[in-house]
Amino acid sequence: MTSDSRRPKVLYVDDQAGNIVVFKASFKKQVDIVTATSGEQGLEIVQREEIPLVISDQRMDGMSGSQFLGEVRKLCPDTVRMLVTAYTNFDDAVAAINDGQVARFIVKPWEPQDVLAAIISANELYRKTKENRILTEQLLHRQRLAAIGQVTSGLVHELGNVMSVLSVVEDIEADLGSGADLSREVHILHNGVEKLRVLVESLRVYSKGGDQLQVAKSTHDLGKLVSATLILLGLFPRVKQLKKLEFVPPATPIDAMVDAKKFEQVVFNIVKNAAEATPVHEGVVSLSLEKSGDQVLLHVRDNGPGIPPEARAKVWQGFYSTKGDKGTGLGLSMCRKIMEAHGGSIDFANQDGGGCTFTLSLPAA
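Here is the structure:
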């Protein structure tokens, strides 16, 4: 039986099976009910599905109701939280409200019509809060798009200056002769500047809504493209701090039709993000490339904390960043646009025990 998104939804947490039976019997006709028998189980549920309202009993073995709702607040601040308590636990309920952990408390024995009204009201509050947040984010998004459009022309001009500096480096290498081989350094500079050029172009396209993104595809060995990108990434301090960066190209080349520079831009962003998510000096980032049917899959795994619940629906939004002022928030959004322009896709999944895996999928050549 599928859930009707228009029906109110609630997670009810109580370690007494009889109370759960009564709650279900009272509201199952009007409400979609999810249940848990402990705070720990309840936290697992709110991390894997959207829950507008949580109602928890206060007196439970292990984690109390107020402690549990405090953790829910950290994970899902928009979720409305209510505490069920007896008159003898009145002080606990008042303290929970004062601490901001719950919106209200429900006193035992409760009346079904009162609780149903509270459930409906809480779901409406959640819906309006979510809508307001989305509208606010959309407004900020438009404002930042307008601002980014204004600075793009300046970035293009500065890129020309960088290219001029690069030509001077090449002249110096020529003057020094064969005794000082700077070819590797110049090659890395070339790659770095080219990636900067692609980034600026992507920024220009993004400021116009992303409709102008063009890809010039040709057949490439993806293993070679990934390896070349990892060489450039090795110059970045946060990547140097990894305990291990693993990639073994397949023995048999795996080809796909890609725009090499744009594909490398995607790999660059995903691996750099993975490195920054891992613990310093203990981080492990591993890449694997495989062919699955008519698709080529590149997996990028890390041993970081994974992507938190509140960020999962936002990571593909332009200008959303978990890095605060240290990130533009354009990386993953542009990665998705590039992959879709190739007829491919990009997705992620948190791993059991920690860490996250990003998977890039492309049609095989």
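One point on numbering: in my numbering, the residue at position 18 of the sequence shown is 19, and numbering is uninterrupted.
For each residue, glycine too, the CB sits at the ideal point set by N, CA and C.
Quick caveat, the model's predicted, so the values are computed rather than measured.
| query | How would you label Val-11, buried or exposed, when you count the other beta carbons within 10 angstroms and need 16 or more for buried? | reply | buried
| message | Within a Cβ cutoff of 6 Å, which residues of the same chain sit near Lys-25, ignoring the five residues on either side of it in sequence? | response | Ile-34
| query | Quick one, which of Gln-139, Ser-67 and Leu-243 has its alpha-carbon nearest Lys-315's? | reply | Gln-139
| query | Who are Glu-247's beta bridge partners in DSSP? | reply | Ser-287
| query | Quick one: what does DSSP say Cys-336 is sitting in, helix, strand or coil? | reply | helix
| field | Reduced DSSP category for His-282 - H, G, I as helix; E, B as strand; rest coil | value | coil
| task | List the whole-angstrom C-beta distance separating Thr-130 from Asp-62, where the pair is believed to meet the contact cut-off of C-beta under 8 Å. | result | That belief does not hold up - the Cβ atoms of Thr-130 and Asp-62 are roughly 32 Å apart, past 8 Å.
| If you compare alpha carbons, which of Arg-239, Leu-214, Arg-302 and Pro-250 is closest to His-343? | Leu-214
| query | Assuming Gly-43 contacts Ser-27 under a Cβ cut-off of 8 Å, what Cβ separation, rounded to an integer in Å, is found between them? | reply | The Cβ separation is near 19 Å, so there is no contact.
| request: Might you give, ordered along the chain, the residues of its own chain that have their beta carbon closer than 6 Å to the beta carbon of Glu-265, omitting 5 neighbours on each side? | output: Leu-226 and Thr-230
| field | Sequence-distant residues of its chain with Cβ nearer than 8 Å to Gln-1 (five each side left out) | value | This structure cannot speak to residue 1, because the chain is shown only from 2 to 366.
| task | Would you kindly check if the distance between the Cβ of Val-267 and the Cβ of Leu-288 is under 7 Å? | result | no
| The alpha helix (DSSP H) enclosing Phe-24, as first and last residue numbers | 18-28
| Rounded separation between Ile-271 and Phe-359 - CA only | 7 Å
| DSSP beta-bridge partners of Pro-364 | Gln-296
| request: Just confirm the distance between the C-beta atoms of Thr-220 and Asp-260, as a whole number of angstroms; I'd bet it's less than 8 Å. | output: Thr-220 to Asp-260, Cβ: 12 Å. No contact.
| request: Counting only the same chain and skipping the five closest in sequence on each side, list residues whose C-beta sits under 7 Å from that of Ala-276. | output: Arg-239, Val-240, Leu-243, Gly-284 and Val-286
| By Cβ distance, which residues of its chain are closer than 8 Å to Met-2, with the 5 residues on each side in sequence left out? | Model confidence at Met-2 stands at a pLDDT of 41, short of 50, so the residue's coordinates are unreliable; what they give is reported in the following sentence. So the list is empty, once near-sequence residues are dropped.
| Should Ile-135 go down as buried or exposed, given a rule of 16 or more other Cβ atoms within 10 Å for buried? | exposed
| message | According to DSSP, is Ile-98 part of a helix, a strand, or is it coil? | response | helix
| task | Assign Arg-337 to buried or exposed, taking buried as 16 or more other Cβ atoms, counted over all protein chains shown, within 10 Å of its Cβ. | result | buried
| said: If I follow the unbroken beta strand (DSSP E) through Ser-346, where does it start and stop? | reply: 346-351
| said: Helix, strand or coil for Ser-67? Go by DSSP, reduced to three states. | reply: helix
| request: Can you check DSSP and say which residues form a bridge with Cys-357? | output: Asp-303 and Asn-351
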